[in-house]
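Chains as they are written, first to last, in our numbering: chain W, 1 to 114; chain C, 1001 to 1114.
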C-alpha cells in the first residue's frame, strides 16, 4: 500500500529563512505526489504536484519540491519564508488503483516568527 | 472563476439529528470526493462518485451516505450524528480518475455535534 510520512509535525522558522518540510513516500510504482496547504478553517489548496515529468517541481507562492527516487523523498522548500506562509502543509500520494484517492501524511504545521 | 463550493461553512447539529452537507462545482468534473478531517489529523476519504457510480471506502461507517443528483451537486448525509463525527468535511473534485489528475478542494464545512 502506498503511504507518505511527514517528519516534524511542527516546524518554526524566522521570516526570511529557508523553509524545508520533509516528506518520504512508500510506493511500489512510480508515484504521483502532491503538496497541499491548508489555512485555518479553509480547504486544501494545491501547491505543486509531481507526475513523473521534471524531478524539480515549481509551485505557487515560491515553493518547490524535488523528487528523489533514491531517497524516496519529495521535500518541500522555499528560499525565504513570509509571514503569510504560516499554515499546515500536507504531502499526499495518489493511490493509482480504482479510486485514485489521495493518501495524506499527518501534516506539518509551519510557524513563521517575525 | 470555476470552483468548488460547500454550504454551509459551519453546521451545528444535535446528537442523533440527521444533517446534510452540500457541495457544488462549476468545473464540470466527473469525480466528486468527500473527505473527513478531524482536528489535527489528515483528511480521510469517505467515498466518491465517478459520474453516477458510487464508491464507498471499506471503513466508512454506514451512518454516512451520499447522493449525487447531477454532475454539479453532491450531498453528504449523516443519518445519526455522534460526538465522534464532529470534524471538517471536505469536498473535492477531479476531472477524471486517471493518474495524476489533481483534486480541487472546497473550503470545507465544519460540523459541530452537541
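All C-beta atoms, glycine included, are put in the ideal place defined by N, C-alpha and C.
Buried or exposed by the 16-neighbour rule on C-beta atoms within 10 Å, applied to residue i
{"i": "residue 60 of chain W", "result": "exposed"}
{"i": "residue 1108 of chain C", "result": "buried"}
{"i": "residue 1101 of chain C", "result": "buried"}
{"i": "residue 87 of chain W", "result": "buried"}
{"i": "residue 112 of chain W", "result": "buried"}
{"i": "residue 83 of chain W", "result": "exposed"}
Residue-chain proximity (residue i, chain W), Cβ-Cβ < 8 Å
{"i": "residue 1027 of chain C", "result": "no"}
{"i": "residue 1043 of chain C", "result": "yes"}
{"i": "residue 1055 of chain C", "result": "yes"}
Residue closest to residue i, alpha-carbon to alpha-carbon, out of the options
{"i": "residue 56 of chain W", "options": "W/78, W/12, W/44", "result": "W/78"}
{"i": "residue 65 of chain W", "options": "W/71, W/49, W/42", "result": "W/49"}
{"i": "residue 1114 of chain C", "options": "C/1007, C/1011, C/1003, C/1071", "result": "C/1011"}
{"i": "residue 52 of chain W", "options": "W/67, W/58, W/45", "result": "W/67"}
{"i": "residue 45 of chain W", "options": "C/1081, C/1004, C/1098", "result": "C/1004"}
{"i": "residue 1078 of chain C", "options": "C/1036, C/1094, C/1025", "result": "C/1036"}
{"i": "residue 1086 of chain C", "options": "C/1098, C/1065, C/1039, C/1076", "result": "C/1039"}
CB contact below 8 Å: residue i versus chain C
{"i": "residue 105 of chain W", "result": "yes"}
{"i": "residue 44 of chain W", "result": "yes"}
{"i": "residue 58 of chain W", "result": "no"}
{"i": "residue 61 of chain W", "result": "no"}
{"i": "residue 69 of chain W", "result": "no"}
{"i": "residue 102 of chain W", "result": "yes"}
{"i": "residue 74 of chain W", "result": "no"}
{"i": "residue 83 of chain W", "result": "no"}
Curious, which full-length beta strand (DSSP E) runs of at least 3 residues does the segment 2-43 of chain W contain? 3-7, 10-14, 19-26, 33-38
Which residues, in order along the segment 1085-1110 of chain C, keep a beta-carbon less than 9 Å from a beta-carbon of chain W? 1088, 1090, 1091, 1092, 1094, 1096, 1097, 1098, 1099, 1100, 1101, 1102, 1103, 1104, 1105, 1106, 1107, 1108, 1110
Using a Cβ-Cβ cut-off of less than 8 Å, give me the residues of the segment 18-48 of chain W that come near chain C, in sequence order. 32, 34, 36, 41, 42, 43, 44, 45, 46
Please give the ranges of any beta strand (DSSP E) in the segment 1069-1105 of chain C, keeping only runs that are unbroken, at least 3 residues long and fully inside the region. 1073-1078, 1087-1094
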